[in-house]
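*Asks:*
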Amino acid sequence: MLVDSPPEQRAETTSAPPTRRALRAFGLLLAAASLVLVALASIAIGAKELSLGQVWHGLFEDSGSYGDVVVAERLSRTVLGLLAGAALGLAGAVLQALTRNPLADPGLLGINAGASAAVVTAITYLGVTSLSGYVWFAFFGAAAVGALVWFLGGSRGATPVRLALAGTALSAALYGYLQAVMIMDDAALGKMRFWTVGSLSSATDATIRQVLPFLLAGTVLALALARPLNAMAMGDDTAKALGANLNRTRALSMLAATVLCGAATAACGPIVFVGLMVPHVVRSFTGPDLRWILPYAAVLSPVLLLGADVLGRIVARPAELQVGIVTAILGGPVFIFLVRRRRTAQL
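With my numbering applied, the sequence shown covers 6 to 352.
1) Tell me which residue opens and which closes the alpha helix (DSSP H) that G58 is part of.
2) Here's the rule I'm using: 16 or more other beta-carbon atoms within 10 Å means buried, otherwise exposed. How should A30 be labelled?
3) Tell me, please, whether the stretch 269-283 touches the stretch 148-158 by the rule of three or more beta-carbon pairs shorter than 8 Å.
4) In terms of residue numbering, what span does the alpha helix (DSSP H) encompassing F219 cover?
5) Under 7 Å Cβ to Cβ from V133, same chain only, skipping five residues before and after it: list those, please.
6) Compute the Euclidean distance between the alpha carbons of T212 and P22, then round it to the nearest angstrom.
7) Given a cut-off of 8 Å on the beta-carbon distance, is the pair A269 and V287 in contact?
8) Let's test the definition: count the other Cβ atoms within 10 Å of the Cβ of T18 and tell me whether it reaches 16, buried, or not, exposed.
9) Hey, out of G267, L234, A236 and L103, whose CA is closest to G223's CA?
10) Secondary structure at A249, three-state DSSP: helix, strand or coil?
11) Check the C-beta distance from T201 over to G274 and give it rounded, since I have them as a contact under 8 Å.
12) Is the CB-CB distance between G119 and L179 below 8 Å?
13) Just curious, the alpha helix (DSSP H) that P307 is in, first and last residue?
14) State whether the stretch 38-58 contacts the stretch 293-308, with contact taken as three or more CB pairs (one from each stretch) at a distance under 8 Å.
15) Considering only residues of the same chain and omitting the five flanking positions on each side of R296, which have a CB-CB separation below 6 Å?
16) Would you identify the three-state DSSP class for G119, choosing helix, strand or coil?
17) Rounding to the nearest angstrom, what Cα-Cα distance links L234 and E325 in this structure?
18) If V277 and T332 are in contact, beta carbons under 8 Å, what's the gap, nearest whole angstrom?
19) Looking at L260: is its Cβ nearer than 8 Å to the Cβ of L226?
20) Where does I188 fall in DSSP's three states?
21) Classify I50 as helix, strand or coil using the three-state DSSP reduction.
22) I need the straight-line Cα distance from Q327 to L221, nearest angstrom please.
23) Does A324 come out as helix, strand or coil in the three-state DSSP assignment?
24) Could you please give the first and the last residue of the uninterrupted alpha helix (DSSP H) stretch that includes F290?
25) Quick check: the Cα distance between G32 and L205, rounded to an integer number of angstroms?
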């Protein structure tokens, strides 16, 4: 269901009282502090118990001991969680604004499905076995589907409804292909089973270096789109009167979401609910202004992702629960509660 913003909320997009702006800025500082705390917890807490001394030694006095190695692995995992969480939150916020649908997420336009289909193809038919290989196939699969959705949605004449319908249709077809290949090929099923639920456990410095340029470029582009997307929220005619280029804004929004979600999915697998839930929750206290929604989503989404990852390491000791499973378990009930508490049409 595509829902436009009420007129009174659209007006707030362009201006806000000084007191509210101060509260939003203070809230953003609190969110940043929460992010620092959860990042520290991600390094210090895990399936393998370490003392604070071992954690400190591993961070600042690396000598190759067992504890130092564990801390180094957790540090890479934490950095990837920070980057992927911010990317998913920004992608979700941009797609919700683009489609004017507060329930939109990166999966709506087929980006996750494109990445997954590319990975299973690489494993089954091309013999790719390393994560470094998955990253590039997943990214280009996401990018190809994003471009195809834009083409099927009408290109320069694309509308939110056409984009959503094209993405949904492609997602259904690609997931059907994905399941068929995995059922017929036991080897592909074994290699894909952890990637498809979403995980940070295979994070490496090499993976981070591969996706970092795409994540930085997508982040800058998404933040730069805040003002034109705000104008589009007031309706196409009003946006044109304000000087917004609708076709360019939609194309760049698709590009930003594809780059962000494609890179994050390539590195971690498809992680659900982060890009859907966080922007939705943020909007409830920032209002519809994307100049605030995007920074909040970029900060709070990693809080959710890393928090879920830490929880998954604790509850299944000495093993661990994949972060994609934890976000789905936590996100479903919480999101249902939020939707029932506040009518979607008012967000």
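The beta carbon of each residue, even a glycine, is placed where N, CA and C say it ideally should be.
Keep in mind the model is a prediction, meaning the values are calculated, not measured.
*Replies:* According to the structure data:
1) Following the DSSP letters along the chain, one finds G58 inside the alpha helix (DSSP H) bounded by residues L57 to F65.
2) Exposed is the call here.
3) no
4) D210 to A229
5) The answer, listed in chain order, is A127, Y139 and F142.
6) 44 Å
7) no
8) Only weak support exists for where T18 lies, its pLDDT of 49 falling under 50; the value from the coordinates is given anyway. Buried, since its Cβ has 16 or more Cβ neighbours within 10 Å.
9) G267
10) In the three-state reduction of the DSSP assignment, A249 falls in the coil class, being assigned neither a helical nor a strand state.
11) 6 Å
12) yes
13) L295 to V320
14) yes
15) A231
16) helix
17) 40 Å
18) Contact holds; Cβ gap of about 6 Å.
19) Yes; because the gap between Cβ atoms is below 8 Å, this pair is in contact.
20) Collapsing the DSSP output to three states places I188 in a helix.
21) coil
22) Q327 and L221: Cα-Cα distance of roughly 25 Å.
23) coil
24) V279 to T291
25) 28 Å
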